[in-house]
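Inspection log for the structure reproduced underneath, given as structure tokens.
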Amino acid sequence: MLTFTRKLLAVLERIAMSIETATADLTKLTDVGDGMAHLLGDLSQAVRDLKSAGTDPATAAKIEALDATIQAKTAEWSAAVVANTPAAP
């Protein structure tokens, strides 16, 4: 019985360590995801600020196209994160 108890405790310890590792990994991913969202938001705002600084029509069109690309990629990446995130149990 003592051997079984030791083996069971060893298994439970490995499970606890796995949970701690998974929690740490999730925290890192959350931090990275939040950072990425913040970066894209700042980048998009900086691009819009360029346009509002007063530019010629050709440059303004390029700035608008760049902002549209950033917005599209942001939406694409957000959708990918949602699509690949398992539902809560």
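Mind the numbering: the sequence shown is residues 273 to 361 in my numbering, read in order.
Quick reminder that beta carbons are idealized off the backbone N, C-alpha and C, glycines included.
Mapping DSSP to helix, strand and coil, what is residue i?
i	result
D306	helix
P329	helix
A337	helix
T357	coil
Strictly under 9 Å for the Cβ-Cβ distance: is residue i near chain C by that measure?
i	result
A333	Among the chains of the structure shown, chain C does not appear; only one protein chain is present.
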